[in-house]
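Peer 1: I'd like to ask some things about the structure below.
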Amino acid sequence: VNALMSGFGKNVGDLDQKAFQATIMDLINRGKLGVDSEEDTEFTKTTFLTVKSTDGLERYERELIDILRTYELNGRISFSYMQDCLREEYQARAYQDKYNTWCQNFKEEYLPEEVFSEYFDQTGSDYMMYFGIGALVLAIIVGALSIFLHFRGSFITTIVAIFFAVVGVACLIMPSGIGGKYTLKGKLYTERWEKFKKFLKDYSLIKEHPPESIAIWNKYLVYATALGVADQVYKAMKLHVYGGLDNPNYTTNDLFMFYYLGGYHHIDSSFSTASSTISAANNDSIGGIGGGSGGGGGGAF
């Protein structure tokens, strides 16, 4: 579901972090992962996951559990320990690499080119990529001519070079959903899920047509995670099923408890922490190079 949906900054056919989160939620719902917590301070709790079983799991599910087990302490996957680890550059890069490999392996196994092409025609997206590369090459040529041949009106040629560079970069980073198009099969598939997403986002509709059991509510929460609207379903579930948490039975639902204890958002913040750590390390590296170059210049004079 997640891979074939388009989104801001997301190429059709690629997984994003919501797919990673939804897979964890699904494993909890199926009893493969358990949820635990303990008091951290007077006002906060630390959330843990435990691996209950890996029997019958698909490759991508086992790989995800292997990623999480990197942050296992005393037999429990600790999200606070995970956050601490991801503040280190080596750990952050390793996490990002494992996640990227997980996405790529899923795509190769479940959405190879011959399957993907049944849902999405990326010809237009490919043309846009070629145009972007051509625009960048042209920008480099025009810029070089302006600098080295000292053209009259070099200011104008510089502006032209910048224009082509901006257009080229824009074409290269533009999501494939803009240049490409869904096939009839893909259009019908995504329209169905978009309607379901709209239903999940609208509390009044869920209230009017609520799921008949906790099991279906849990399924809704998993799909809502993949579609990026988990918050809305969680709130509806909290109010409609557990009476705003007045009903103590919510503590017996591992999937609901995972969300309630912040596990869903812990996964979200793990990507943010890793990204921030890597960005800071890259900036330090650039600063170090600049400082080294500046120091060399000072020595020369």
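If you use our numbering, the sequence shown corresponds to residues 1118 to 1418, in order. A virtual CB, placed ideally from N, CA and C, is assigned to each residue, including glycine.
Which residue comes first and which comes last in the beta strand (DSSP E) that contains Leu1166?
Peer 2: Unbroken beta strand (DSSP E) run through Leu1166: 1162 to 1168.
Peer 1: When the distance is taken between beta carbons, is Leu1203 closer than 7 Å to Ser1387?
Peer 2: Yes, these two residues count as a Cβ contact at 7 Å.
Peer 1: What does the alpha-carbon distance come out to for the pair Gly1408 and Asn1399?
Peer 2: In this prediction, Gly1408 has a pLDDT of 46, which is less than 50 and means its spatial position is unreliable; what the coordinates show is noted afterwards. Taking the straight line joining both Cα atoms gives about 14 Å.
Peer 1: Around the Cβ of Glu1311, are there at least 16 other Cβ atoms within 10 angstroms (buried) or fewer (exposed)?
Peer 2: Classification for Glu1311: exposed.
Peer 1: Pick out the complete alpha helix (DSSP H) segments inside the segment 1220 to 1270, 4 residues or longer, and give them in chain order.
Peer 2: If we require 4 residues or more, the alpha helix (DSSP H) runs fully inside the segment 1220 to 1270 come out as 1230 to 1236, 1240 to 1265.
Peer 1: Indicate whether the contact test is met: 3 or more Cβ pairs, each with one atom in the segment 1373 to 1381 and one in the segment 1346 to 1359, closer than 8 Å.
Peer 2: With a cut-off of 8 Å, the segment 1346 to 1359 and the segment 1373 to 1381 count as touching, because enough Cβ pairs lie within range.
Peer 1: Within the continuous alpha helix (DSSP H) that includes Glu1325, where are the two ends?
Peer 2: First-last of the alpha helix (DSSP H) with Glu1325: 1320 to 1325.
Peer 1: Find the nearest neighbour of Asp1297 within the set Glu1235, Ser1154, Ala1341, Lys1169, judged by alpha-carbon distance.
Peer 2: In the sequence as displayed, the identity of residue 1297 is Gly instead of Asp. Nearest C-alpha to Gly1297: Glu1235.
Peer 1: Taking the alpha carbon of Lys1324 as the reference point, which residue from Ala1353, Thr1342, Ala1332, Trp1334 has its own alpha carbon closest?
Peer 2: Closest by alpha carbon: Ala1353.
Peer 1: In whole angstroms, what separates the C-alpha of Ser1073 from that of Pro1365?
Peer 2: The question about residue 1073 has no answer here: the residues shown for the chain are numbered 1118 through 1418.
Peer 1: Going by C-alpha distance, which of Gln1134, Tyr1367, Ser1123 is nearest Trp1219?
Peer 2: Checking every option, the nearest Cα to that of Trp1219 belongs to Gln1134.
Peer 1: Do Phe1281 and Ala1256 have their CB atoms nearer than 7 Å?
Peer 2: Their beta carbons are under 7 Å apart, which means Phe1281 touches Ala1256 by this criterion.
Peer 1: At the level of alpha carbons, what is the spacing between Tyr1299 and Thr1394?
Peer 2: Taking the straight line joining both Cα atoms gives about 37 Å.
Peer 1: Beta-carbon within less than 7 Å of Leu1228's beta-carbon, same chain only, minus the 5 sequence neighbours each way: which residues are those?
Peer 2: Around Leu1228: Ala1120, Gly1130.
Peer 1: For Leu1144, report the span of its alpha helix (DSSP H) as first-last.
Peer 2: That run of the alpha helix (DSSP H) goes 1134 to 1146.
Peer 1: Any idea which residues DSSP pairs Ile1276 with across the strands?
Peer 2: Answer is none; Ile1276 lacks a bridge partner.
Peer 1: Run through the DSSP bridge pairs and tell me what Tyr1299 is partnered with.
Peer 2: DSSP output for Tyr1299 lists Phe1237 as bridge partner(s).
Peer 1: With DSSP as the reference, label Gly1151 as helix, strand or coil.
Peer 2: Three-state DSSP puts Gly1151 in a strand.
Peer 1: With distance defined between alpha-carbon atoms, name the residue in Gly1303, Arg1179, Arg1176, Val1168 nearest to Ile1194.
Peer 2: Cα-wise, what sits closest to Ile1194 is Val1168.
Peer 1: On the DSSP bridge list, what partners appear for Glu1156?
Peer 2: DSSP, once it has assigned bridges, lists Lys1162 as partnering Glu1156.
Peer 1: How far does the beta strand (DSSP E) with Arg1193 in it reach, from first residue to last?
Peer 2: Note, Arg1193: beta strand (DSSP E), 1193 to 1195.
Peer 1: So who's on the other strand from Glu1189, going by DSSP bridges?
Peer 2: Per DSSP, Ile1194.
Peer 1: Could you tell me the alpha carbon to alpha carbon distance between Gly1260 and Met1245, rounded to whole angstroms?
Peer 2: Those two C-alpha atoms are separated by around 22 Å.
Peer 1: Classify Ser1396: buried if its beta carbon has 16 or more other beta carbons within 10 angstroms, exposed otherwise.
Peer 2: Counting Cβ neighbours within 10 Å, Ser1396 comes out exposed, since fewer than 16 surround it.
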